[in-house]
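Engineer: Numbering (our numbering), first residue to last: 4 to 450. The beta-carbon is built from N, C-alpha and C at its ideal position, and this holds for glycine as well. Next up is a structure, given as structure tokens.
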Ligand code: PHE
């Protein structure tokens, strides 16, 4: 069998793992979920969950992947042979499949906007007109499906070529560029007349809005943005050389992610209030707000196009990781199988996503448990499948991996202090499982 591919450097791995993490979750999903949950309090709870659960779980996935050095299913088989634990990996694949199906829809929206911006169709509109244009666009069945397909084709082509060439090199330039552009955007947004209400909305917690649903949304959001619970990070860390520090990588990724989420919040909400838009507009929020903010900047359309390109890239690097985990299991490390399975699985995921795409137009009236198809898919992934996957991982690690082995794996790269290790171990073993169960049960009304 051929030698396993490895990341060419630690920076390459961090960028790729951060590329998986930073995506639609931070930039598109966070603002609208926060908007629906009252803003500041949600943000605070989200950060708490990210530090208390997301970070330890990210580290747990890293440890599994690098110890086993195999794909999302075989890693569990290697660590716990003869058990059913590899079902955690299979569950991760199923979750990734569904997640990518609706992820591609939003990826398509970015492409539509890019197309419209480049062809000058978005020049000089008022904020109501932007909203109207966008709502019309996503209701158009052909347009949304065609662009969803284009997004998926990009994903398929890159994943079919293998990780090294596909993902690593481009991340080096695009991620820092995204940060810079976001900072410009935030500066413009917070200096708009009437922005202060929006800044308060996202930074000043109002706990009267917090319900058990808020807690579940915040927990699901923290897993979603960190790509935790589906064994994507198991797969990615399996390509990482042994001498790199996992805790250092995990902390870098979490910090970048929180930073970009803060930037997204500070770019969106000041503008929402300045332009009298609705913070709880749902999935369309970002798309309706951003063009208006950009139109307030000199050379606004150029900045908007640059932003869309980087946003697209952020979404694609996450999409790659979702398809990668499935393809790497099904093709079982055989390079000659990669091309075929990338196409078969990628197109199947596209097909599954079509009803989600149509749920903003001709299928808008079709409801499952009171939600549109898109919302139902998103809710099931974020609030049921990801937390469930995360729960299983937090049980698996202390149960099936020796404490001394965990310590020596996490200590590599000479970064981790013993005390931090203890804190991580206690959290994974005693805090994470009951907390996840409590939050999930609370929403179901079980206790
Ligand atoms: N973290 C990605 C985002 O925020 C989504 C994702 C979830 C990717 C799970 C991989 C695995 O956009």
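For residue 81, which residues of its own chain have a beta-carbon under 7 Å away from its beta-carbon, when the five flanking residues on both sides are left out?
Structural biologist: Closer than 7 Å at the Cβ level, and outside the excluded window around residue 81, lie 71 and 73.
Engineer: Rank 272, 337 and 394 by C-alpha distance to the C-alpha of residue 164 and give the top, closest one.
Structural biologist: The shortest C-alpha separation from residue 164 is found at 337.
Engineer: So, helix, strand or coil for residue 231, using DSSP?
Structural biologist: Residue state, collapsed to three classes: coil.
Engineer: CB-CB under 7 Å to residue 20, same chain, minus the five flanking residues each way: which ones, in chain order?
Structural biologist: Contacts found: 236, 239, 252 and 256.
Engineer: Residue range of the alpha helix (DSSP H) that residue 317 falls in?
Structural biologist: Run containing residue 317: 303-333, per the alpha helix (DSSP H) assignment.
Engineer: CB of residue 228 to nearest heavy atom of the ligand PHE: below 8 Å?
Structural biologist: Answer for residue 228: yes, Cβ within range of the ligand PHE.
Engineer: With a CB to CB cut of under 7 Å and the five nearest residues on each side skipped, what residues in its chain are close to residue 367?
Structural biologist: Cβ within range, chain order: 375.
Engineer: Roughly how many whole angstroms lie between the Cα atoms of residue 100 and residue 346?
Structural biologist: Their Cα atoms are separated by approximately 13 Å.
Engineer: When every heavy atom of the ligand PHE is checked, does at least one fall within less than 8 Å of the C-beta of residue 106?
Structural biologist: Within the cutoff, so yes.
Engineer: Return the CA-CA distance between residue 413 and residue 62, expressed in angstroms with no decimal places.
Structural biologist: Rounded to the nearest angstrom, the two C-alpha atoms are 9 Å apart.
Engineer: Could you name each continuous alpha helix (DSSP H) segment of 4 residues or more that falls completely within the region 191-235, going from the start of the chain to the end?
Structural biologist: Runs found: 199-206 and 215-229.
Engineer: Going by Cα to Cα distance, which pick from 24, 103, 96 and 343 is closest to residue 356?
Structural biologist: Ranking the options by Cα distance to residue 356, first place goes to 103.
Engineer: DSSP three-state call for residue 375: helix, strand or coil?
Structural biologist: Reduced to three states, the DSSP call for residue 375 is strand.
Engineer: Which same chain residues end up closer than 7 Å to residue 436 when comparing Cβ atoms and leaving out the 5 residues on each side of it in sequence?
Structural biologist: So the qualifying residues of the chain are 394, 397 and 398.
Engineer: Which value, in whole angstroms, describes the spacing of the CA atoms of residue 110 and residue 189?
Structural biologist: If I take the Cα positions, the gap works out to 23 Å.
Engineer: Nearer than 8 Å: is that true of the beta carbon of residue 43 relative to any heavy atom of the ligand PHE?
Structural biologist: No, the Cβ of residue 43 stays beyond 8 Å of every heavy atom of the ligand PHE.
Engineer: Along the chain, where does the alpha helix (DSSP H) containing residue 112 start, and where does it finish?
Structural biologist: It spans 90-121 - the alpha helix (DSSP H) in which residue 112 sits, taken as one unbroken run.
Engineer: Using DSSP with H/G/I as helix, E/B as strand and the rest coil, what is residue 370?
Structural biologist: Note: residue 370 maps to strand in three-state DSSP.
Engineer: Please classify residue 317 as buried or exposed, where buried requires at least 16 neighbouring CB atoms within 10 angstroms.
Structural biologist: Buried, because 16 or more other Cβ atoms sit within 10 Å of the Cβ of residue 317.
Engineer: Have a look at residue 22 and residue 234 and give me their C-alpha separation to the nearest angstrom.
Structural biologist: For residue 22 and residue 234, the distance between alpha carbons rounds to 15 Å.
Engineer: Once the 5 residues before and after residue 157 are set aside, which same chain residues still bring their CB inside 7 Å of it?
Structural biologist: Excluding positions up to five away in sequence, the list reads 319.
Engineer: If I follow the unbroken alpha helix (DSSP H) through residue 337, where does it start and stop?
Structural biologist: Here residue 337 belongs to no alpha helix (DSSP H), and DSSP marks it neither H nor E.
Engineer: Taking the alpha-carbon of residue 3 as reference, which of 39, 118 and 96 has the nearest alpha-carbon?
Structural biologist: Because the chain is modelled from 4 through 450, residue 3 falls outside the range shown and cannot be assessed.
Engineer: Within 8 Å: the Cβ of residue 235 and any heavy atom of the ligand PHE?
Structural biologist: Checking the Cβ of residue 235 against the ligand PHE gives yes.
Engineer: Which of the three DSSP states, helix, strand or coil, is assigned to residue 57?
Structural biologist: Residue 57: helix per DSSP, three-state reduction.
Engineer: Cβ of residue 241 versus every heavy atom of the ligand PHE: is any distance shorter than 8 Å?
Structural biologist: Flag unset: Cβ of residue 241 not near the ligand PHE.
Engineer: According to DSSP, is residue 393 part of a helix, a strand, or is it coil?
Structural biologist: Looking at residue 393 - three-state DSSP - the assignment turns out to be helix.
Engineer: Is the beta carbon of residue 227 sitting closer than 9 Å to the one on residue 384?
Structural biologist: Yes, the Cβ-Cβ distance between residue 227 and residue 384 is below 9 Å.
Engineer: Closest by CA to residue 411, which one among 325, 18, 67 and 43?
Structural biologist: The residue with the shortest Cα to Cα distance from residue 411 is 67.
Engineer: Measuring CA to CA, which of 297, 372, 378 and 55 is closest to residue 360?
Structural biologist: The shortest Cα separation from residue 360 among 297, 372, 378 and 55 belongs to 378.
Engineer: Helix, strand or coil: which one does DSSP assign to residue 3?
Structural biologist: Any question about residue 3 goes unanswered here, given that the chain covers just 4 to 450.
Engineer: In terms of alpha-carbon separation, which member of 85, 16, 177 and 230 lies closest to residue 59?
Structural biologist: Checking every option, the nearest Cα to that of residue 59 belongs to 230.
Engineer: Determine the burial state of residue 36: buried for a count of at least 16 other Cβ atoms within 10 Å of its Cβ, exposed for fewer.
Structural biologist: Buried, since its Cβ has 16 or more Cβ neighbours within 10 Å.
Engineer: Should the region 31-48 be regarded as contacting the region 263-273, the criterion being three or more beta carbon pairs within less than 8 Å?
Structural biologist: Contact holds: three or more Cβ-Cβ distances are below 8 Å.
Engineer: Quick one, are the C-beta atoms of residue 286 and residue 31 less than 9 Å apart?
Structural biologist: Yes, they are a contact pair.
Engineer: Please confirm whether residue 323 and residue 161 have their CB atoms less than 9 Å apart.
Structural biologist: Yes, the Cβ-Cβ distance between residue 323 and residue 161 is below 9 Å.
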